[in-house]
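Down below is the structure, laid out as structure tokens.
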Amino acid sequence: MRYNNYHKHTHYSNVHTPDSIAKVEDYAKRAIELGHTSLATTEHGYAGNIFEYYDVAKKYGLKFVFGIEYYYVNDRFEKDKTNSHLMVLAKNKRGMKQMLKIMSEASKTGYYYKPRIDKELLFSLNPEDVVVTSTCVISYINKYDDYEKNFVKPLMEYFGENFYLEIHDNTHPMQVEYNKTILELHNKYKIPFIHATDSHYIYTEDDKYRTIFLNGKGIFYPEEEGFILDYPDSDAIFERYEEQGVFTREQVESSLRNTWIIDDFEDIEMDKEIKMPSLYPELSHEEKVEKLKNVINHEWIKDRVHIANEDYQKYIEAIRLETSIIEDTKMEDYFLLNYEIIKRAKELGGVLTRTGRGSAPSFYVNKLLGFTEIDRLEAPITLYPTRFMSKSRIIESKSLPDIDFNTANPKPFIQASREILGEDNVYYMTAYGTMQASSAFRNLCRSYGYNMDEYNEIAKDLDRYKNHEKWKDVIEESQRFIGVIDSVAPHPCANILLSESVSEEIGVIKVGDELCVLIDSTTSDTWKFLKNDYLSVTVWDIIAETYKMLEQPIPNIRELNNLMMNDSKMWDLYEKGLTATLNQVGTESGTSQVMQYKPKSVRELSGFVAAIRPSFESMKHLFLDRKEFSYGIPEFDKILETSDNFVLYQENIMETLVYSGFNEDETYSLLKAIAKKKEGIIEPIYERFINGFTEKTGSQENAQKVWKIIEDAVAYGFNSSHSLSVAYDSLYGAYLKANYPLEYYAVVLNIYEDNTEMTARIYKELSHFKIKVVSPLFGKARGKYSVDKANNQIVKGMKSIKFVNDLVSEQLYELAQRKQYDNFINLLVDIASETKVNTRQLNILIRLGFFREFGNSKYLELLSAKFAERYKKSHKEDTKLKRLEEIQQYEIEIKNIEDYHISEKVVFEKEALGYSQSTDKKYDLSYAVVTEVDTKYAPSIKLYLVNNGIEMTLRVQKNIFLDENKQTLLSIGDMIKVTQVEKKPKMQKVEGKWLPTDIMQTWLTSWQKVEINK
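Sequential numbering from 69 applies to the sequence shown in the working numbering.
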């Protein structure tokens, strides 16, 4: 007997409750197998990816059914974790929109551990547009004693014939008892039954793999033990109900037939037409185009003052060409909308990169509208406007223009988008995290209780072990978990922009602290929603913050070009490898390669960016060594002139196609066709090219050679506008580093304060500029790293000091700016009366040498303790004076007290800062302080060399490190003289055997403990 399986869950339910490894298509295949006719979206708390559901339903010829198993409470504004379940199905598109609206509201105002609806939201649904069921054993009926009065009767009265009592065929005792309650309600109120399976997997044997998935994540549902959550045929359903012994055969058949109501639901249609939001919906296409042209003309008048008169016509033709593309593709709304968004974001303090990303700088109109500062007509390399947007590509594929906006901080741009379109019209997209091969393998191993150290090593190189006797079956078994959703996050940059209410059209869910639209980036592209990417780009955060510190505006590209003229210091940075934090060359690999190439112009740096891509590897050595290179085909070499005769860019190939007679408008699409080499498509392209190139050059042989080069190069050619953009990004940083190194390094040290590897690279460069970094000092330090121009120093910030906050930092800094202190007691008086500095914070700062201009740390600590004991700001004035005289006398008594030993300083600094900084040159390089001891596996210790401040990790044999009671012979804070170390290879367990590797470790084999009088 056929039924509609409307109550089921896929891996999309894992977003709220880890629950399933089944995919949407698994249900569609099972439906076809059983002769069923529908596919429902029901997931826990939301509707999953409704667009995937719709596509899969269409693919298999199934009816698309919109449903949600909501989390339900009496009052969503109360902190109530009971969360019963409630099933709602949409009978039509109206019902779907209403359900999406309350689903969204559950995340906005009803979220407490889960997104919860309540009576108010439930009864806002039109009872004619939805079907409501009492759902599973986690129904209100099974969780609350007042279920008749506060649930069954109100729903029966409001939803009428669209309210059903849901029965399940599970033979678990809990289900049997619940079904008895449902039977009583049916007999009392004559509410019809409807059958549901509550499927979490397809076949009964799949329960094993769901359990493995959950157990691997440390999740156990003891209340589900014995529940069958499959997608059964009707014969199995009848057998299970008969085993329950609650319902008659007739009642079961009736419950199955009642699922057929879904057959009569209106078909919900969704389309993949472009969904472009418009600021001017009341205007016609022609009127909006005219409005855009007026904006472009206004911006052109402002920009042309920087352009030579003789070039005007060239620019006017470019504007006409690009405007015609926009007009013919009916994309004027995109440009009008983003013009207003970017303009408003800048008013809000947003910093947009002066360069760009991807192909956007290839459009001069984008420069006029403020999306980039790159002028393609002035660029040192060829930029084709059709690489960004062409009539054929937009119209044939129904694609949208796509500008990725690189920002120093995306928040002003998102705020501007919401101000212009509306709060409910702009949201971050959802990003689903899925299990990859290694994580699926690890999860399976955790579930089986395997040794973590062993399976972690295997997971690093699964291919190597896929035929291994012990691991091959485990690796094979783990494959079924690949692609299962196991996490969700806001997309890092993608935002949806929609004219209609997002909450009603697509839905919103809460992800962490962010409300996100219920669609991912890839799906939004397929379904033609407008997506704006607002990317946070660290190099532009650096640039913006440095110019802010300099109190200068960020120059535009033309201004930067002028600033770079004859500035050899900039290019020296690349040649000398002073490239930490510079875009594209900040890594060790990038540094070594740029030192080899030694770029001296924007064009060369752009070429370098394209050349270091992995796909150019076979020819990279020729490029970096500046070897003479030619294909020996004069006409082709001429085309490649601006890229040093290499095919570095996709635009090189496009230019070659144009030379051979192709229209520029079609060349980017041709690149993709050539790359795919699809039979039936590639042959006419090849023929046109050979004929065109031969006609121009007279050589068919050369034409065929060039075609072969194009076929090989199409896979690695880089987007020239993107390459140029990131080259300029690098140059903005290089200009600042070369000309304002003090400010630049202070900014990058703040930005990378938590990145120890990058911080170390930054520190190595400081000596080139004769810059010193000094520890926080009263009168110099603030919350962040700051500059001391007079001494060419960067003063470390106080933000990283444990228990010291920004307020304290600023208050102490302001004290120093207002007044000069000739003794510490006067400063203590003002700290007590004018700041929020507490005793603990003050002692930490004293021990770290913050007030070192007034004396050593032990002297100041004792003086501060006496002050805290004897002086209170609440004292009367004459009492204060007497107490101050007493404190001054004490100061004389302790004036010559010896400071803390270096070992004590090192340990305290490590605790308060996370690192040590004090040194003492009276000790040679063999003296060190123990800063960490680890005995979890083979013992290891960290030693801090007091002579130069370097910290290193050494291994130690247990037999010389532990005493007879298994206690360590060294402790944190001990000072030792290292007398012997050895280099030994690191051992790795391979197939049960410990084998040496190529990695060498340093072992401490002998030392002398230094006795210190503390």
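Each residue gets a CB set at the ideal place from its N, CA and C atoms; glycine is no exception.
Subject >> Neighbourhood of S669 by C-beta, 8 Å cutoff - its chain only, sequence neighbours within 5 removed >> reply: Counted from its first residue, the sequence shown places residue 669 at position 601. Once the five neighbours on either side are set aside, the close Cβ partners of S669 are P448.
Subject >> Given 8 Å, three or more beta-carbon pairs between the segment 768-778 and the segment 696-705 >> reply: yes
Subject >> Cβ pair G294, H240 closer than 8 Å >> reply: Along the sequence shown, read from residue 1 onward, the residue named residue 294 stands at position 226. Along the sequence shown, read from residue 1 onward, the residue named residue 240 stands at position 172. For G294 and H240, yes; Cβs fall inside 8 Å.
Original post:
Taking three-plus beta-carbon pairs below 8 Å as touching, is the segment 206-226 in contact with the segment 298-305?
Top reply: no
**OP:** Could you tell me which of N255, I259, Y138, N247 sits nearest to Y232, measuring between CA atoms?
**Re:** Along the sequence shown, read from residue 1 onward, the residue named residue 232 stands at position 164. Closest option to Y232, Cα to Cα, is I259.
Original post:
What separation, rounded to the nearest whole angstrom, lies between the Cα atoms of K131 and A158?
Top reply: On the sequence shown, residue 131 is found 63 positions in, with the first residue counted as 1. On the sequence shown, residue 158 is found 90 positions in, with the first residue counted as 1. Cα-Cα distance, rounded: 12 Å.
Subject >> Endpoints, the beta strand (DSSP E) within which F473 is located >> reply: Position 405 of the sequence shown, counted from the first residue, corresponds to residue 473. From DSSP, the beta strand (DSSP E) with F473 extends over 472-475.
Subject >> Cutoff 8 Å; reference I893; Cβ partners in own chain excluding five residues on either side >> reply: The residue given as residue 893 occupies position 825 in the sequence shown. Hits under 8 Å: L931, F935, L952, I955, Q956, E959.
**OP:** Name the residue from E385, S789, Q1056 whose alpha carbon lies nearest to the alpha carbon of E525.
**Re:** For the purposes of this step, residue 525 is identified with residue 457 of the sequence shown, where counting begins at 1. Nearest option by C-alpha distance: Q1056.
Original post:
If you follow the beta strand (DSSP E) that T1095 is part of, which residue opens it and which one closes it?
Top reply: The structure shown does not extend to residue 1095, since the chain spans only 69 to 1082, so no value can be given for it.
Subject >> Contained beta strand (DSSP E) runs [length at least 3] in the segment 148-182, N- to C-terminal order >> reply: 152-158
Subject >> Bridge-paired residues (DSSP) for T1021 >> reply: Your numbering for residue 1021 matches position 953 in the sequence shown. DSSP lists K1010 as partners of T1021.
Original post:
Is it a yes or a no for the segment 372-388 touching the segment 411-424, going by three-plus beta-carbon pairs under 8 Å?
Top reply: no
Subject >> Between the CA atoms of T903 and V876 - distance to the nearest angstrom >> reply: Taking the sequence shown and counting its residues from 1, one reaches residue 876 at position 808. Taking the sequence shown and counting its residues from 1, one reaches residue 903 at position 835. So the alpha carbons of these two residues sit roughly 7 Å apart.
**OP:** Helix, strand or coil for V576, going by three-state DSSP, please let me know.
**Re:** Position 508 of the sequence shown, counting from 1, holds the residue named residue 576. The answer is strand: DSSP assigns V576 an E or B state.
**OP:** Taking all protein chains shown into account, decide if E573 is buried (16 or more other Cβ within 10 angstroms of its Cβ) or exposed.
**Re:** In the sequence shown, the residue the question calls residue 573 occupies position 505. Buried is the call here.
**OP:** Report the option in L883, A849, A884, N859 whose CA atom is closest to the CA atom of I869.
**Re:** The residue you call residue 869 lines up with position 801 of the sequence shown. The shortest Cα separation from I869 among L883, A849, A884, N859 belongs to A849.
**OP:** Out of T1047, S971, E464, R908, point me to the one whose CA is closest to S1039's CA.
**Re:** Counting from 1 along the sequence shown, the entry for residue 1039 is found at position 971. Minimum Cα distance to S1039 is reached at S971.
**OP:** Would you check if the distance between the CB atom of F549 and the CB atom of N511 is smaller than 8 Å?
**Re:** Here residue 549 is taken as the residue at index 481 of the sequence shown, counted from 1. Here residue 511 is taken as the residue at index 443 of the sequence shown, counted from 1. Their beta carbons are under 8 Å apart, which means F549 touches N511 by this criterion.
**OP:** Just the C-alpha distance for K169 and G865, rounded to the nearest angstrom, thanks.
**Re:** For the purposes of this step, residue 169 is identified with residue 101 of the sequence shown, where counting begins at 1. For the purposes of this step, residue 865 is identified with residue 797 of the sequence shown, where counting begins at 1. Cα to Cα, K169 sits roughly 48 Å from G865.
Subject >> Stretch-stretch touch, CB-based, cutoff 8 Å, three pairs: the segment 473-491 with the segment 580-598 >> reply: no
Subject >> DSSP beta-bridge partners of H263 >> reply: Here residue 263 is taken as the residue at index 195 of the sequence shown, counted from 1. H263 pairs with I235.
**OP:** Would you kindly report the start and end of the unbroken beta strand (DSSP E) that includes G1041?
**Re:** For the purposes of this step, residue 1041 is taken as the residue at position 973 of the sequence shown. First-last for G1041: undefined, no H or E at that position.
Original post:
For V997 versus Y1012, is the C-beta spacing smaller than 8 Å?
Top reply: Here residue 997 refers to the residue found at position 929 of the sequence shown. Here residue 1012 refers to the residue found at position 944 of the sequence shown. In this structure, Y1012 lies closer than 8 Å to V997 by Cβ.
Subject >> Own chain partners of S458 with C-beta closer than 7 Å, once the 5 adjacent residues on each side are dropped >> reply: Here residue 458 refers to the residue found at position 390 when the sequence shown is read from its first residue. Excluding positions up to five away in sequence, the list reads I393, D733, Y736.
Subject >> Within-8 Å CB hit, M520 to chain C >> reply: Considering every chain present, this structure includes no chain C. It has just one protein chain.
Subject >> Range covered by the beta strand (DSSP E) that runs through C513 >> reply: Residue mapping note: residue 513 aligns to position 445 of the sequence shown, counting from 1. It is not in any beta strand (DSSP E) - C513 instead sits in the alpha helix (DSSP H) that spans 505-516.
**OP:** Could you check what DSSP says for K343 in three-state terms: helix, strand or coil?
**Re:** Stepping through the sequence shown from its first residue, residue 343 is reached at position 275. K343 falls in the strand class under three-state DSSP.
**OP:** Kindly confirm or deny that the segment 899-919 and the segment 841-860 touch, where touching means at least three C-beta pairs closer than 8 Å.
**Re:** yes
Subject >> Spatial distance of E337 from M171 (CA atoms) >> reply: Numbered from its first residue, the sequence shown carries residue 337 at position 269. Numbered from its first residue, the sequence shown carries residue 171 at position 103. Those two C-alpha atoms are separated by around 20 Å.
**OP:** Answer with buried or exposed for M1068, where buried requires no fewer than 16 other C-beta atoms within 10 angstroms of its C-beta.
**Re:** For the purposes of this step, residue 1068 is identified with residue 1000 of the sequence shown, where counting begins at 1. Exposed: under 16 other Cβ atoms inside 10 Å.
Original post:
At which residue ranges does the segment 412-496 contain complete beta strand (DSSP E) runs of 3 or more residues, listed in the order of the chain?
Top reply: 472-475
Original post:
What span of residues does the beta strand (DSSP E) with I1067 cover, start to end?
Top reply: Within the sequence shown, the letter at position 999 stands for residue 1067. It spans 1061-1078 - the beta strand (DSSP E) in which I1067 sits, taken as one unbroken run.
**OP:** With a threshold of 16 other CB atoms inside 10 Å of the CB of K973, please say whether the residue is buried or exposed.
**Re:** For the purposes of this step, residue 973 is identified with residue 905 of the sequence shown, where counting begins at 1. Answer is buried; the Cβ neighbour count reaches 16.
**OP:** Within the same chain, show all residues whose beta-carbon is closer than 8 Å to that of Y432, passing over the 5 residues directly before and after it, in chain order.
**Re:** Sequence index remark: in the sequence shown, residue 432 carries index 364 (1-based). Excluding sequence neighbours, Y432 sits near Y383, A386, I387, E390, D443, R444, L445, P453.
Original post:
From K695 to A781, what does the alpha carbon distance come to, in whole angstroms?
Top reply: Position 627 of the sequence shown holds residue 695. Position 713 of the sequence shown holds residue 781. C-alpha separation (whole angstroms): 19 Å.
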